[in-house]
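A.B. asks:
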Amino acid sequence: MPVHKSTFKVVVTLVIFISVLTISAQELKHINTGAIVKQTRVSFDGTKMVFVANYYGSFKPYISDYSYDSSHWEKPVKIFEDDIISGFEIRDLQLNFDNSKLYFAAKNEVKPDFDIYYSEFENGGWTAPQPLDIGINTIQDEKGPAISADEKKILFTRPLPPDAKADDFCGQLYYTELTESGTWTDPELLPPVYNTGCICSPYYARDNKSFYYSSYEDIEDAEGKRIAKKQFSIFWAKIDGLFRYNPKPIVSIIGDDDLVYPSIDRDSTLYFNSGEFSKGEDRIESMILSKELSRDFQPVEMTLVSGQVLDEQGNPLSATIQVINPYTTKVFQEALSDADGNYQLFVPMNEQFSLLAYKDQYSAQSKLIETTELSLTNNFELFPSVDVTFNVFDEEFYFPIDASLSLYDSDFQLIENMDITRGEETVIALGQELNIIFNSENYFPDTLNLPFDEEVIFDFFDFDIELKRKLKDVSLSFADESGNNLGLEITVYNVTRNEKTKRNVKDGKITLQLRDGEVYEISTSAEGYSYYSAELDLSEEEELKEMSATLQSVENISLVLENITFEYNSYELNAGSYEELNKLVSYLQENEQYKVEISAHTDNAGPEKYNLQLSNLRANSVLQYLQDNAINKDRLVAVGYGESQPRFPNDTEENMAKNRRVEFKILSDN
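Per the working numbering, residue -11 is the first one in the sequence shown, and the count goes up by one each step.
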């Protein structure tokens, strides 16, 4: 940025304006001779200058960029197309801190008094003028809007009271501030110490506290000597919260001419217009001057924070960037990145801030910065979607389960259904509040709310979802052969999860809450009664609500051991038989007083002698399994009956299968 060390003068009839360097006539051959340039202001970062000039016979707003390559200001261009500002008279231009918005005073045929307007830079051009909040603009002239760098304060002028009989160019300073609700406070007239007569062209410095303006009055030096007699001189003042610093004239630049429209570039170089003002207007034979300010008049040092906002593919994004006090969470300043993703803003030096970038339908990114340098660069990368992994578990036992999800918007309008694959990431777009309903067979559904319409910082989420298993009430009743209710202990074995529990049954009845969709076995070994076992398959569609069992006396009764089978024409036990045999082992361990007979039976297929021999071998296979599981041999008797004791006629395959069986009978107490 340009650093200007000396004051200079440029006659308007030769050039428009100039910085430090003298520009030859050849370089400015495009400029009309005799043009008047006025109301000049430099942008906060010192890269642009805005002003009003009459190059083509009428006054229009212009803008120029500073060229670092050639160290001079480039050829000015019109800010607005003529049709956009047709009928407007525009003056007192000022750019905001990132040069994306232009504030100014304007009037037209519809409203013939000056009001404060603004325009925004969009799609390579400036939008049509829009009036600022009506709480500021009145039927009086509002001129010279000075916008603070954080765009939360405005200084401007209104005319002096009629009895002051002041020049039309004179005004008095008013102040307004932006509220948290986004409206401006009622403008307040600054105290008399700031309003010492004819005031014009206020300007806020980038620290949001210091400001400059021109006042038409006599100026005396420290020794009381008058150094300016009734002319416009530039004053410095400062309001820092409740602390107010009285205005001081910048004596070092006072000369014989009027000085108006102060503004400061990034290097604290003061720009201003110098000339002789005609009555009632600022139409002058003007000169643009610059002067490096002494430290007494410089604003508080600020750090220029700039950078670029991109997406994952490196494409620029127009996003919001906020500077936040990390201790109070108060937003100090806010900016928008332009179409190329670039942003810039000013924050106080030697402080700590959080820098937050966010955009609708994109993530947010936060960074902690220390403003120890004059400038900092912070780039952001935002993403439009996140990777999400859903892990669905059983709430009671926390084992993973298969599930599906339904994705809804905030109004519970269905977006899509999908199955959940364990450990697999799902891509979900940002920008709206989502509700997800998880479903799994035999479980109650559950809902997860994802506020993805708010600030999302992380690009990956891992959610554990616990679903509650549905339960079924199953009523059990136990009685003896005479119908008397039996109090006893039962074993509830969950076959699905290989879990076993004991329950006491009082008065022969109990209601169990069992997990829907799973398989159970209910068994009991009440003393003096037969061994009992039954399967409850809760995965079947039909509703099972009640089950009753009659236990028989153990005297001289044989019970069929279900699910004990052998290989074809063999006495080798099938693996599926072990579960039933283990129940028998448990029964015999719990009833050590019993001696039992293990008997095997066949159908009538094949020779009778062969069937008898096969049944003996099968009975002894069962006996051997019981011995191998710590049942004393002295308690066991193995008998093969062959085909001699059929329970059903051997007339169908189904009945023959029922006759091929293993039974056990309690013979006596030891």
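Backbone N, C-alpha and C define an ideal beta-carbon position, used for all residues, glycine too.
1. Residues in its own chain within less than 7 Å of T365 by CB, not counting five upstream and five downstream?
2. Between Q353 and I416, is the Cβ-Cβ spacing less than 8 Å?
3. With burial defined as no fewer than 16 other Cβ atoms inside 10 Å of the residue's Cβ, what is the status of A645: buried or exposed?
4. Ignore the nearest five residues each way along the sequence and tell me which others in E77's own chain have a CB closer than 6 Å to its CB.
5. Quick check on A13: buried or exposed, where buried means 16 or more other Cβ atoms within 10 Å of its Cβ?
6. Which residue spans inside the segment 530 to 617 form an unbroken alpha helix (DSSP H) run of at least 4?
7. To the nearest angstrom, how far is the alpha carbon of N557 from that of G564?
8. Helix or strand or just coil, what does DSSP make of I135?
9. Just to confirm the assignment: which complete beta strand (DSSP E) runs, minimum length 3, are found wholly within the segment 228 to 258?
10. Looking only at its own chain, which residues have a Cβ that is under 7 Å from the Cβ of E361, when we skip the five neighbours before and after it?
11. Exposed or buried, what is E477 when buried is set at 16 or more other beta-carbons lying within 10 Å of its beta-carbon?
12. Take T115 and list the residues in its own chain whose beta-carbon comes closer than 6 Å to its own, dropping the five residues that flank it on each side.
13. Secondary structure at N638, three-state DSSP: helix, strand or coil?
14. Please go through the segment 307 to 388 and give each complete beta strand (DSSP E) segment of 3 or more residues, from N-terminal end onward.
15. Among the residues of its own chain, which have a CB less than 8 Å from the CB of N383, if the five just before and after it don't count?
16. Does DSSP classify K653 as helix, strand or coil?
17. Terminal residues of the continuous beta strand (DSSP E) containing V480?
18. Within its chain, find whatever has a CB closer than 7 Å to the CB of N196; leave out the 5 residues flanking it on each side and keep chain order.
19. Could you say if the segment 473 to 490 and the segment 547 to 557 meet the contact criterion of at least three C-beta pairs nearer than 8 Å?
20. State the Cα-Cα distance for the pair Q27 and D255, rounded to the nearest angstrom.
21. I408 and F385: beta carbons closer than 8 Å?
22. Taking the straight line between their C-alpha atoms, what separation do you get for I187 and F334?
23. Use the C-beta contact count for D246: other C-beta atoms within 10 angstroms, 16 or more gives buried, fewer gives exposed.
24. Under 8 Å by Cβ, that's how I've got F440 and E421 pegged, so tell me the actual separation to the nearest angstrom.
25. Among all the DSSP beta bridges, which residues are the ones paired with I78?
26. From the DSSP output, read off the bridge partner residues of C188.
27. Is F285 helix, strand or coil when you go by DSSP?
28. I need the DSSP call for K99, collapsed to helix, strand or coil.
29. Helix, strand or coil, according to DSSP, for S626 in the structure here?
30. Report the residue ranges of all beta strand (DSSP E) runs contained in full by the segment 111 to 188; include only those spanning at least 3 residues, in chain order.
C.D. replies: This is what the structure holds:
1. On the sequence shown, position 377 is the one that residue 365 refers to. Cβ neighbours of T365 beyond the five flanking positions: S294, G295.
2. Within the sequence shown, the letter at position 365 stands for residue 353. Within the sequence shown, the letter at position 428 stands for residue 416. It is not a contact, given that the beta carbons lie outside the stated cut-off.
3. In the sequence shown, the residue the question calls residue 645 occupies position 657. Label assigned to A645: exposed.
4. For the purposes of this step, residue 77 is taken as the residue at position 89 of the sequence shown. Taken in chain order, the residues that qualify are K95.
5. Stepping through the sequence shown from its first residue, residue 13 is reached at position 25. Its pLDDT being 19, under 50, A13 is placed unreliably in this model, and the coordinates cannot settle the point.
6. 566 to 578, 596 to 616
7. Locating residue 557 in the sequence shown gives position 569, where the first residue counts as 1. Locating residue 564 in the sequence shown gives position 576, where the first residue counts as 1. In a straight line, the C-alpha of N557 is about 17 Å away from that of G564.
8. Numbered from its first residue, the sequence shown carries residue 135 at position 147. I135: strand per DSSP, three-state reduction.
9. 231 to 237, 246 to 252
10. Your numbering for residue 361 matches position 373 in the sequence shown. Within the same chain, E361 has close Cβ partners T291.
11. By one-based count along the sequence shown, residue 477 stands at place 489. When all chains shown are included, E477 counts as exposed.
12. On the sequence shown, position 127 is the one that residue 115 refers to. S107, E108.
13. Start at 1 with the first residue of the sequence shown, and residue 638 comes out as number 650. Note: N638 maps to coil in three-state DSSP.
14. For the segment 307 to 388, the full-length beta strand (DSSP E) segments reaching 3 residues or more read 308 to 312, 319 to 324, 330 to 336, 340 to 346, 352 to 358, 363 to 365, 368 to 370, 373 to 382 along the chain.
15. For this step, residue 383 is matched to residue 395 along the sequence shown. Reading off the sequence, residue 383 comes out as Glu, not Asn. Excluding positions up to five away in sequence, the list reads E454, L455, K456, R457.
16. One-based indexing of the sequence shown puts residue 653 at position 665. Of the three classes helix, strand and coil, the one that applies to K653 here is strand, per DSSP.
17. Counted from its first residue, the sequence shown places residue 480 at position 492. First-last of the beta strand (DSSP E) with V480: 476 to 482.
18. Residue numbering aside, residue 196 sits at position 208 when the sequence shown is read from its first letter. Excluding residues within five positions, the ones whose Cβ falls inside 7 Å are S136, A137, D138, K141.
19. no
20. Along the sequence shown, one-based indexing puts residue 27 at 39. Along the sequence shown, one-based indexing puts residue 255 at 267. So the two alpha carbons sit approximately 21 Å from each other.
21. In the sequence shown, residue 408 corresponds to position 420, counting from 1. In the sequence shown, residue 385 corresponds to position 397, counting from 1. Contact flag unset, no.
22. In the sequence shown, the residue the question calls residue 187 occupies position 199. In the sequence shown, the residue the question calls residue 334 occupies position 346. One C-alpha to the other measures close to 28 Å.
23. For the purposes of this step, residue 246 is taken as the residue at position 258 of the sequence shown. It counts as buried.
24. Counted from its first residue, the sequence shown places residue 440 at position 452. Counted from its first residue, the sequence shown places residue 421 at position 433. Their Cβ separation, rounded to whole angstroms, is 7 Å, which keeps F440 and E421 in contact under 8 Å.
25. What you label residue 78 is simply residue 90 of the sequence shown in a count that begins at 1. According to DSSP, which records beta bridges pairwise, I78 is partnered with A94.
26. By 1-based counting over the sequence shown, the position of residue 188 is 200. S202.
27. Locating residue 285 in the sequence shown gives position 297, where the first residue counts as 1. Residue state for F285 is assigned as helix, using DSSP reduced to three classes.
28. For the purposes of this step, residue 99 is taken as the residue at position 111 of the sequence shown. K99 falls in the coil class under three-state DSSP.
29. Along the sequence shown, one-based indexing puts residue 626 at 638. Contrary to the premise, residue 626 reads as Ala rather than Ser in this sequence. Look at A626 here: in three-state DSSP terms it is strand.
30. Complete beta strand (DSSP E) runs here, min 3: 131 to 135, 141 to 146, 160 to 165.
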